[in-house]
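>
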Amino acid sequence: MFWARQRIALLKLIAIASSLAALAAMLDPDRVASSMGMLLVGVNGYSQFYAIYVGVRLATAGLALLAARHGDQPLLGDITALLLLAQPAGRFVAALAIGLPQGFLLVVCGLELLGGLGLLALRPPTVEKRADELRHTKS
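All the letters of the sequence shown, read from the start, carry residue numbers -24 to -1, 1 to 115 under mature numbering (1 follows the signal peptide of the UniProt record, and there is no 0).
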């Protein structure tokens, strides 16, 4: 039960952080893009930025909230973790070609890793494992 509460709390924290990141990106896209090492040019540049930093962040927040409300369905939290971990995975591929991210983006990458790995570490046991545990406590 303790681990389930911790996972739900982490999912809510991820939802809040993702929502705030999306809000910051909507309110000041040029500043956020600059902090990520990007320069937004033209309609396509802004469109791509909004798709990633607003759309994907809000999708992550929504999925994390859904997973927190349905804590008995660990798959939703697992998908949230994979969505979070996909970003540092992409940055790892880039690091092989051009080097590690720097500054604020390195911090963001670390937080994404902590959040995703934390969700996987707090994953509740499978139904079969819980059934085995119940059988052992009854005997």
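Don't be surprised by glycine CBs; every beta carbon is placed ideally from N, CA and C.
#1: Mind reading off the beta-carbon distance from Arg(-18) to Gly53? Whole number of angstroms is fine, and I expect it under 8 Å.
#2: Taking all protein chains shown into account, do 16 or more other C-beta atoms lie within 10 angstroms of the C-beta of Leu15, making it buried, or fewer, making it exposed?
#3: Taking a contact to mean a Cβ-Cβ separation below 9 Å, would you say Leu58 touches Glu88 in this structure?
#4: With a threshold of 16 other CB atoms inside 10 Å of the CB of residue 185, please say whether the residue is buried or exposed.
#5: Just to confirm the assignment: which complete alpha helix (DSSP H) runs, minimum length 4, are found wholly within the segment 21 to 76?
#6: Using the rule of at least 16 other Cβ atoms within 10 Å of the residue's Cβ for burial, across every protein chain shown, is Phe68 buried or exposed?
On the basis of the data shown:
#1: 6 Å
#2: exposed
#3: no
#4: Past the edges of the chain, shown from -24 to 115, lies residue 185, and the structure says nothing about it.
#5: 33 to 45 and 50 to 74
#6: exposed
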